[in-house]
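Here the structure comes first, spelled out in structure tokens, and everything after it is commentary.
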Amino acid sequence: MKYILPTMALVFTLSMAGALHGGSLPGVVVITNESARIDHISATALKNVYTGRTTYWDGGEHVVIIVLADKTDEALSEVSGMDASQFRTFWQRLVFSGRGEEPRTAVDAASLVILVGSTKGAIALAPADAPLKGVKTLELK
Amino acid sequence: MLLLLALLAAIPAGRLEAADWQLFGPNAPDIEFHGFASQGFLDSTDYNYLGHSKTGSFEFTELGLNTSFNPFPRMRIAAQAFAYDVGDAGRYDPVLDYALAEYTFNDYFGIRAGRIRRPEGIYNDIQDVDLGRTFVLLPQGVYDARFRDFYVSLDGGEIFGTVPLGQAGSLTYEIYGGLMRPSMDGGVALQFRNSLPPTAHLDQIIPCKLYGGQLWWITPIDGLRLGVGGCYSPWTEFTLTAQTPAGTVHLQNPSDTFTQQYSAEYQWKEWTFQTEFYFLNLNPEAAGVAPSSSFSWYASAEYRFNKWFEVGSYYTQYYNESFGPSGPGTGSATFPSDAYQKDLAVALRFDITDRWIFKVEGHYINGTALLQDNVDNPVRRENGWMMIAIKSTISF
């Protein structure tokens, strides 16, 4: 019993450290459609978007997540807490229970940027070296 | 069923994209369409379970087609048609699974009304969506594949949202109320008929009010969430006709129903661990009818090797009359094994593509409490038995 509370405190502290981690995603930037009324986003807010807890932007536009298949899996995992397969299953659960809309998929970085640029409310994790024309890049705070 | 098999066989290993159409011009909101089709196969050694599985059964099908769109800011409309067949339950009768309008004021508060899917535990609102899990069969004492008409949807509404708790994580909630409309082809009707003597006939299940909620604490430990859910139905009524020596008698069998479910889920790297505890209490209103109850729990672990393969295993126990006057697991005098069912399952999921999955699963089962088919299982023993479940699902 005497070890339980210190162990719980340690786990809690470590989890806090993990939760507060963030500020940048190596090799990846967060981009949105230019209609988004924000310039920066916190790690927590970004996680809320990718886990379906935030479904609308401040202006009321619904969030459309666009995923670049296979290329940004590591960042997706860091942002959502799920690997790519878990992420897909998670959203399929929401779609078929009437609780959400499935993220769309782009096959390469160029089409991802075009899709985000042409879809109101869109957000995506894009490779930092992708040509980011016609989209807004969010600062991750 | 053959048509569905042919369809499954005809689907190439390529990808089917979800349809995303602008039917009313470029300024109209996008309308999304999604769907899935699942076909399963069950084969068991000693008993017919979830169909005529002793001889191999393909009576294990689910079909869904849904649409959704956002007509106005913060508003969403969604609907899904659904049909299923699990043994003698479902029989492919198409139903309006959900049809709802949803308005989200902010992250903390939203409202959903119409026909909604009822949240309870990890899987209740998606228990018939094969895509959403590793296993072919969820632990049946908690999520009985035959009972979806009774537990999954209700006509009414719910409020929902996420409340941040600072460094303590966040709390998501869904609180609902409405009317549930059990089908005469559904699993509950079948179970009730199974309990009737040959001289009695089930006439109707009256639509019943249902209230409940589901809370999830998203803990600050990354990947860990803890949940509590439950529902209460003050009046669930079955009407039946019985032939007696005195003539035909019309009977009513109302009861109130109360469920509780406690859940924990932890996702860590490629692992997912889950455990749930489920309690069901039925209290008949009629004098002289004893209350009944059941208890079930499971613990599961799943591991994803890569984008194609995932394995999982669970162990589950189910007891009926666990809190009844005769004590835990006493069952019937004739067949003691009707009081419990224990199941060890091992599953392999193969994601052939993002939109086509294949699963195979083995079960070692002890007990017969969930067979609920006395005609096809006239003798039930306290020995172990086995079942294989195979299922494939396509989606778009």
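Protein chains in written order, with our numbering: chain A, 29 to 169; chain B, 216 to 611.
Built from N, CA and C at the ideal position, the CB exists for glycine as well.
Partners in chain B for residue i, counting only beta-carbon separations shorter than 7 Å
| i | result |
| --- | --- |
| A:Phe115 | Chain B residues near A:Phe115: none, gap ~11 Å exceeds 7 Å. |
| A:Arg121 | Ile341, Val344, Gly347 |
| A:Asp111 | Glu485, Arg519 |
| A:Glu62 | Within chain B, no residue comes near A:Glu62; the closest Cβ sits about 17 Å away, beyond 7 Å. |
| A:Glu129 | Glu247, Ser283 |
Cutoff 8 Å; reference residue i; Cβ partners in own chain excluding five residues on either side
| i | result |
| --- | --- |
| B:Gly381 | none |
| B:Thr456 | Ala415, His416, Asp418, Thr463, Val464, His465, Leu466 |
| B:Pro646 | Any question about residue 646 of chain B goes unanswered here, given that chain B covers just 216 to 611. |
| A:Leu160 | Val57, Ile59, Val141, Ala154 |
| B:Arg306 | Asp300, Asp400 |
| B:Ile337 | Gly442, Ser478, Glu480, Gln489, Glu491 |
C-beta neighbour in chain A for residue i, strict 7 Å
| i | result |
| --- | --- |
| B:Thr276 | no |
| B:Asn285 | yes |
| B:Asp322 | yes |
| B:Phe488 | no |
| B:Arg363 | no |
| B:Ala562 | no |
| B:Arg289 | yes |
| B:Lys522 | yes |
| B:Thr377 | yes |
| B:Thr319 | yes |
| B:Arg332 | yes |
Any non-hydrogen atom of the ligand SAM closer than 6 Å to residue i Cβ
| i | result |
| --- | --- |
| B:Phe573 | Absence of the ligand SAM is noted for the structure shown, with no ligands found whatsoever. |
Own chain, CB closer than 6 Å to residue i, minus 5 neighbours either side, in chain order
| i | result |
| --- | --- |
| B:Asp261 | Trp600 |
| A:Lys169 | His68, Ser70 |
| B:His578 | Asp558, Ala560, Met602 |
| B:Gln295 | Gly279, Asn281, Asp312, Tyr313 |
| B:Met290 | Tyr318 |
| B:Tyr481 | Gly438, Leu439, Phe488 |
| B:Arg519 | Glu485, Glu525 |
| B:Pro499 | Ser470 |
| B:Asn598 | none |
| B:Glu274 | Gly266, Asp300, Gly302 |
| B:Tyr447 | Tyr426, Phe473 |
| B:Gln355 | Leu585 |
Proximal residues of chain A, C-beta to C-beta of residue i below 7 Å
| i | result |
| --- | --- |
| B:Asn535 | Chain A residues near B:Asn535: none, gap ~28 Å exceeds 7 Å. |
| B:Tyr313 | Gly126 |
| B:Gly316 | For the record, residue 316 of chain B in the displayed sequence is Ala; it is not Gly. Correct list: empty, because the minimum Cβ distance to chain A is about 11 Å. |
Sequence-distant residues of the same chain with beta carbon closer than 7 Å to residue i, five excluded per side
| i | result |
| --- | --- |
| B:Ala328 | Leu315, Ala316, Gly372 |
| A:Phe118 | Met110 |
| B:Pro422 | Leu394, Met395, Arg396 |
| B:Ala514 | Thr490, Tyr529, Tyr530 |
| B:Gln342 | Leu353, Tyr358, Arg363, Val367 |
| A:Pro131 | Ile93, Ile94, Val95, Trp119 |
Test: residue i CB closer than 7 Å to a CB of chain B
| i | result |
| --- | --- |
| A:Ser70 | no |
| A:Ser125 | yes |
| A:His49 | Low confidence applies here, because A:His49 scores a pLDDT of 46, under 50, leaving its location unreliable and the question unanswered by this model. |
| A:Val95 | no |
Contacts of residue i in chain A (Cβ-Cβ under 8 Å)
| i | result |
| --- | --- |
| B:Gln295 | Phe124, Gly126 |
| B:Gly393 | Going along chain A, no residue has its Cβ under 8 Å from B:Gly393, so there is no contact; the nearest lies around 14 Å. |
Neighbour list for residue i in chain A, Cβ cutoff strictly below 9 Å
| i | result |
| --- | --- |
| B:Phe251 | Gln120, Phe124 |
| B:Gly336 | Going along chain A, no residue has its Cβ under 9 Å from B:Gly336, so there is no contact; the nearest lies around 13 Å. |
Taking Cβ-Cβ distances below 8 Å as the criterion, which residues of the region 76-92 of chain A are in contact with chain B? The residues in question are Asn76, Arg81, Thr82, Thr83, Tyr84, Gly87, Gly88, Glu89, His90.
Scan the region 416-498 of chain B and note each continuous beta strand (DSSP E) run of 3 residues or more that stays entirely inside, going in chain order. Runs found: 423-433, 439-459, 462-483.
Beta carbons nearer than 9 Å to chain A: which residues of the region 412-446 of chain B have them? For the region 412-446 of chain B, the set of residues with a beta-carbon nearer than 9 Å to any beta-carbon of chain A comprises Ile433, Thr434, Pro435, Ile436, Asp437, Gly438, Leu439, in chain order.
Against chain A, which members of the region 468-485 of chain B pass a CB distance test of less than 9 Å? Cβ contacts with chain A: Gln482, Lys484, Glu485.
List, from N- to C-terminal side, the beta strand (DSSP E) runs of 3 residues or more that fit wholly inside the region 355-412 of chain B. Runs found: 368-379, 385-395.
Tell me which residues of the region 555-586 of chain B have at least one Cβ-Cβ distance to chain A shorter than 8 Å, keeping chain order. Of all residues in the region 555-586 of chain B, Asp566, Asp569 have a Cβ within less than 8 Å of some Cβ in chain A.
Just to confirm the assignment: which complete alpha helix (DSSP H) runs, minimum length 4, are found wholly within the region 87-162 of chain A? DSSP runs (the alpha helix (DSSP H)) wholly in the region 87-162 of chain A: 101-108, 112-124, 137-146.
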